[in-house]
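These notes are about the structure you will find just below.
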Amino acid sequence: MAQRFLQLAEVSEILNISSAQAYALVRSGELPAIKIGGRGQWRVEATELESYIQRMYAETKSFVQAHPFGGAGEE
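The opening residue of the sequence shown carries number 1 in the UniProt record's numbering; numbering runs sequentially from there.
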C-alpha cells in the first residue's frame, strides 16, 4: 500500500530542495499540509504533492510561453 502522508524531509527529497524550502512552501500555503501530534509535525498528503507538482508544470509552461527563449530585448 502506498504511503498516504509524507514528512517534510521526504517532500524535500522528492522535490530536491532543502528542508527549509519545503517548510516555506507549507507555511505559505502553497503546498497544503496538516500538523499532527503533540509536537505539531507537518505532513503532506501524497496527492497534494502531486497536485503541487502538476501546478508547477502548468505555471512553468505559461511562463515559458510568455517569455520565449531568445526573445527581443534578452541578452
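By construction, the Cβ of each residue, glycine as well, lies at the ideal position given by its N, Cα and C atoms.
{"Item": "Suppose you measure from the CA of residue 8 to the CA of residue 16; what does that come to, to the nearest Å?", "Value": "12 Å"}
{"Item": "Mind listing, in chain order, the continuous alpha helix (DSSP H) runs of no fewer than 4 residues lying wholly within the UniProt domain \"Helix-turn-helix\" (6 to 55)?", "Value": "8 to 15, 19 to 28"}
{"Item": "For residue 20, does the count of other Cβ atoms within 10 angstroms reach 16, so buried, or fall short, so exposed?", "Value": "exposed"}
{"Item": "Out of 4, 5, 50, 22, state which residue places its alpha-carbon closest to the alpha-carbon of residue 12.", "Value": "22"}
{"Item": "Based on Cα-Cα distance, which residue from 45, 39, 50, 24 lies nearest to residue 33?", "Value": "45"}
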